[in-house]
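Comments concern the structure below.
Protein chains: 2
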Amino acid sequence: MKASIITIGDEILIGQIVDTNAAWMAAQLSEAGILLASKMTAGDDKKSILTALDRAFHDADLILMTGGLGPTKDDMTKTALLEYFGGGMVFSQQTYDRIEKLFVKRNIPISEAHRQQCYLPDAAEIIVNEMGTAPGMWFEKDGKSLCSMPGVPHEMKYVMMHGVLPRVAAISDVVYRQKTIHTSGIGESQLADVIEPILESHPVSIAYLPSHGAVRLRLSKVGKAGEEAQVEDTLESAVAPVVEAISQYIYGYDGETLESSVGKLLLQKGLMLGTAESCTGGYIAHLITSVAGASRYFRGSIVAYNNDVKESILGVELKTLEECGAVSEETVREMVAGALPVLGCDIAIAVSGISGPGGGSPAKPVGTVWVAVGSKEQVMVKKYLFVKDRILNIKYTAVYALDLLRKFLTAR
Amino acid sequence: MKASIITIGDEILIGQIVDTNAAWMAAQLSEAGILLASKMTAGDDKKSILTALDRAFHDADLILMTGGLGPTKDDMTKTALLEYFGGGMVFSQQTYDRIEKLFVKRNIPISEAHRQQCYLPDAAEIIVNEMGTAPGMWFEKDGKSLCSMPGVPHEMKYVMMHGVLPRVAAISDVVYRQKTIHTSGIGESQLADVIEPILESHPVSIAYLPSHGAVRLRLSKVGKAGEEAQVEDTLESAVAPVVEAISQYIYGYDGETLESSVGKLLLQKGLMLGTAESCTGGYIAHLITSVAGASRYFRGSIVAYNNDVKESILGVELKTLEECGAVSEETVREMVAGALPVLGCDIAIAVSGISGPGGGSPAKPVGTVWVAVGSKEQVMVKKYLFVKDRILNIKYTAVYALDLLRKFLTAR
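As given, the protein sequences belong to chains A and B, one line each in that order.
In this text, residue positions in the first sequence follow our numbering: the first is 1, and each later residue adds one.
In this text, residue positions in the second sequence follow our numbering: the first is 1, and each later residue adds one.
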């Protein structure tokens, strides 16, 4: 069994939003052992939607569709579904009652547009959406299934979790297993030179996914339903020698991130972390605190965007700032030394750099960043030269700083 | 003329990465006046890629393709292109010389995989990629064009900016104009109730895009090349009455964001901002500093994730934390009062809440957030109840806090 995803919306086709819905849905299907044959986006017009439906039904047995179900006039999805699956529209009192209840709670009047939303194709089975006004709709045709869902991410996720995935779990006919290995500090082709010879004797698929200073490595194996044990054995026999060969570069597996894996290390060692950030403007603290439970190992951060704040709170010497500059080894060392007592932490990360587009000079061009990680006893310092792009420099700095923290923690 | 985008990669189909490349490319095409007819993703296998090529050539005259050009074995793209466009492979000395130069500079040896990358279809015109090893390839067929680009975002962007967009600019035959109006503090259907009657006498398209406490409204108009003035007039006549009707909810237009528009307001008023963040963990500071030039109006942030830091740096009274709790009106008021002198700013944002999944109670469930914005003279405080999801709560808090800052600044 294969699946296909259709996302609907002119806002995706003009690049106004990034299609995060499709990625989330694809990850859920993948975890349920269902492979995606294709993924496509159609505009807010009937012809595009019908073309996408034809293609998706050609590629797959299960089609998941999101978007185009809002209470406003830009909705062409229902019309297209009606034409594709036949039947008429019927007023869903159940849906209306639910919207009414939701709105009374929020003290919002029901508009005519919301009343119109309650007319749904009678060919569809309604899947309740407790998070918003548009329900999910499940259609069947020639032994294949389609579910249409709203495009608002948390509404789509609710419908997926409560309505779609339980229905899907029972009907998968393939076994798919994957292992993702997260590495940093080594390039894609260097990894390939080490790994490819190992995999010659192991029948698994491999993919490399480079991004901002890290490479994710995915080993995968597909088999038929019932062959779970065999598929898992084949995969495990391939993973073991690969992990052994590149262990020094591995920071985590599967759903782990650099921030979750340094969190785990801090917790194991019973250490509290703090950050003193200049060019990253709080982004490192944000990454660390995006992990649930971060309060067990994270005290806080001083975002010293202005040099006065580096002096007044972190105690960086005016002399250092004047003689060495804010972007220097001396400054990040003093930022670490200042952050430790001020934040009451055992280890501090300090970063200072020139994100751009302004602020560069021939001696310190845009992309120059100093990173320090240290405790009272020991400090590791590194200088980097990243790129010309502000947002990329912020992201690179955060990844390299977290990786330096990982090295600091594992070297102890 | 219409375009289609094909992104290639199993990592997209299994939901391991979000397809940000497609969104960026779509936005560039849209700005160049070229409408996207479709967007699709194919897996790393020849059959999927060939199917996608057939579909894209059916939908469009210009096809942009990314991904599947890395130095590793997972590359099926070149094989598929060779089959689709015919011809053979030829060694590109120009590409090899460029890779060699790049690698000497970085002190990396050239691997066999990189040598293989230099074999390129002879039917293609090579588009130089100064950011990496895989060049862009431009093909022509039956009066239609296709450009294949690497999937690493900054490499793709380089090839787009330097090779593709200049070629594309000359061949567009439509005029497309759009105006995006960013609103906050009003729902999608309430907006529709106000706007739809106005637009009945204006022949433009409208789309609503809700996300985390804000709704983007896009008015657009398409015409033929040469009708620029007429298309612009029609659009402007529709935009004016809409803007007038909803002006109190508008925080910006087109590429503006809430963080860039509050930055503009702060700059106009000559005020310096600081933040004192608990549950958002630095995310508000990150949003503010993601805007170039933020140092002109942003001093820094105290991320007081641990209550000790709220006391020691921000001067929140232990009594307040014990009696009212960290998530309370009293605490965020004291965080503002403490942040102003410590960060040396004129205005401070303070937030404290329960992002979840842990930490909730019947009186203060997950999603409870207090936000304060204030100066020495005046403080505005609001309580919110968001959702059960940690990441969403962080995002909602940031958007509502920035919107409260906007209201604070425009009310003065």
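By construction, the Cβ of each residue, glycine as well, lies at the ideal position given by its N, Cα and C atoms.
Note that the structure is predicted; figures quoted are calculated from it, not measured.
Against chain B, with Cβ distances strictly below 9 Å, would residue i count as a contact?
{"i": "W138 of chain A", "result": "no"}
{"i": "T180 of chain A", "result": "yes"}
{"i": "Q28 of chain A", "result": "yes"}
{"i": "E125 of chain A", "result": "no"}
{"i": "V239 of chain A", "result": "no"}
{"i": "G281 of chain A", "result": "yes"}
{"i": "A401 of chain A", "result": "no"}
{"i": "S220 of chain A", "result": "yes"}
{"i": "T320 of chain A", "result": "no"}
{"i": "D346 of chain A", "result": "no"}
{"i": "Q268 of chain A", "result": "no"}
{"i": "I349 of chain A", "result": "no"}
Does any residue of chain A bring its CB to less than 9 Å from the CB of residue i?
{"i": "R177 of chain B", "result": "no"}
{"i": "H162 of chain B", "result": "no"}
{"i": "K264 of chain B", "result": "no"}
{"i": "G358 of chain B", "result": "yes"}
{"i": "A22 of chain B", "result": "yes"}
{"i": "V152 of chain B", "result": "yes"}
{"i": "K73 of chain B", "result": "Low local confidence applies: a pLDDT of 48 at K73 of chain B is under 50, so the model's placement there is unreliable, with the coordinate-based value given in what follows. Yes, because at least one Cβ of chain A sits closer than 9 Å to the Cβ of K73 of chain B."}
{"i": "R167 of chain B", "result": "no"}
{"i": "I198 of chain B", "result": "no"}
{"i": "Q93 of chain B", "result": "no"}
{"i": "L392 of chain B", "result": "yes"}
{"i": "T79 of chain B", "result": "no"}
{"i": "D19 of chain B", "result": "yes"}
{"i": "D173 of chain B", "result": "no"}
{"i": "I12 of chain B", "result": "yes"}
{"i": "I250 of chain B", "result": "no"}
{"i": "E277 of chain B", "result": "yes"}
{"i": "D61 of chain B", "result": "no"}
Anything in chain A within Cβ reach of residue i, meaning under 9 Å, just list it in chain order.
{"i": "M25 of chain B", "result": "G15"}
{"i": "V342 of chain B", "result": "V309, S312, I313"}
{"i": "D193 of chain B", "result": "S111, E112, A113"}
What are the partner residues of residue i, as DSSP defines its beta bridges?
{"i": "Y384 of chain B", "result": "B:V369"}
{"i": "I302 of chain A", "result": "A:A276, B:I302"}
{"i": "L209 of chain A", "result": "A:R216"}
{"i": "K224 of chain A", "result": "A:V174"}
{"i": "M65 of chain A", "result": "A:I6, A:S148"}
{"i": "F139 of chain A", "result": "A:L146"}
Which residues in chain A sit within 8 Å of residue i, going by Cβ to Cβ distance?
{"i": "Y305 of chain B", "result": "A285, T289, A294, S295, F298, R299, G300, S301"}
{"i": "G33 of chain B", "result": "Result: empty, since nearest Cβ-Cβ is about 11 Å, beyond 8 Å."}
Just the chain B side, please: which residues come within less than 8 Å of residue i by C-beta, in chain order?
{"i": "G185 of chain A", "result": "None at all; the shortest Cβ gap to chain B is about 13 Å."}
{"i": "A42 of chain A", "result": "S38"}
{"i": "V381 of chain A", "result": "Within 8 Å Cβ-Cβ: nothing; V381 of chain A doesn't reach chain B, min ~21 Å."}
Taking C-alpha atoms, which residue in the options lies nearest to residue i?
{"i": "G255 of chain A", "options": "A:G15, A:E31, A:V18", "result": "A:E31"}
{"i": "A292 of chain A", "options": "B:I288, B:C279, B:S295", "result": "B:C279"}
{"i": "E227 of chain B", "options": "B:S184, B:Y176, B:A363", "result": "B:Y176"}
{"i": "Q230 of chain A", "options": "A:S211, A:V204, A:R333, A:R218", "result": "A:V204"}
{"i": "A420 of chain A", "options": "A:M89, A:E112, A:Q117", "result": "Residue 420 of chain A is absent from the model: chain A starts at 1 and stops at 412."}
{"i": "E83 of chain B", "options": "B:Q93, B:H114, B:D122, B:N107", "result": "B:D122"}
{"i": "E334 of chain B", "options": "B:T410, B:S260, B:L69, B:K310", "result": "B:K310"}
{"i": "Q94 of chain A", "options": "A:F85, A:E112, A:A80, A:Y119", "result": "A:Y119"}
{"i": "A80 of chain A", "options": "A:G282, A:D44, A:V303, A:G163", "result": "A:D44"}
{"i": "V194 of chain A", "options": "B:Y158, B:G223, B:E112", "result": "B:E112"}
{"i": "E155 of chain A", "options": "B:G163, B:M161, B:H212, B:E329", "result": "B:H212"}
{"i": "K388 of chain A", "options": "B:M131, B:S92, B:E11", "result": "B:M131"}
{"i": "A348 of chain B", "options": "B:I186, B:R296, B:P166, B:V379", "result": "B:V379"}
{"i": "Y158 of chain B", "options": "B:Y283, B:P135, B:I284", "result": "B:P135"}
{"i": "V152 of chain A", "options": "A:S184, A:S189, A:L69", "result": "A:L69"}
Anything in chain A within Cβ reach of residue i, meaning under 7 Å, just list it in chain order.
{"i": "E259 of chain B", "result": "Going along chain A, no residue has its Cβ under 7 Å from E259 of chain B, so there is no contact; the nearest lies around 11 Å."}
{"i": "I99 of chain B", "result": "Neighbours of I99 of chain B on chain A: none; closest Cβ ~11 Å, over 7 Å."}
Under 9 Å between beta-carbons, which chain B residues line up against residue i? List them in chain order, please.
{"i": "V387 of chain A", "result": "M131, H154"}
Next item on the list: May I ask you to verify whether the region 48-60 of chain B touches the region 2-10 of chain B, counting CB pairs closer than 8 Å and requiring at least 3?
Entry: yes
Notebook entry, point to check: Does the region 398-406 of chain A come close enough to the region 39-52 of chain B to have 3 or more Cβ pairs within less than 8 Å?
Noted result: no
Check: Do the region 196-204 of chain A and the region 227-247 of chain A make contact, defined as three or more Cβ pairs closer than 8 Å?
Finding: yes
Check: At a cut of 8 Å, does the region 267-278 of chain B reach the region 245-254 of chain B through at least three beta carbon pairs?
Finding: no
Notebook entry, point to check: How do the region 364-373 of chain B and the region 302-320 of chain B stand: do at least 3 beta-carbon pairs fall below 8 Å, yes or no?
Noted result: no
Note to self: Below 8 Å, how does it come out for the region 163-181 of chain B and the region 216-227 of chain B: are there three or more Cβ pairs, yes or no?
What the structure shows: yes
Check: Are the region 317-328 of chain A and the region 18-26 of chain B touching by the rule of at least three beta carbon pairs closer than 8 Å?
Finding: no
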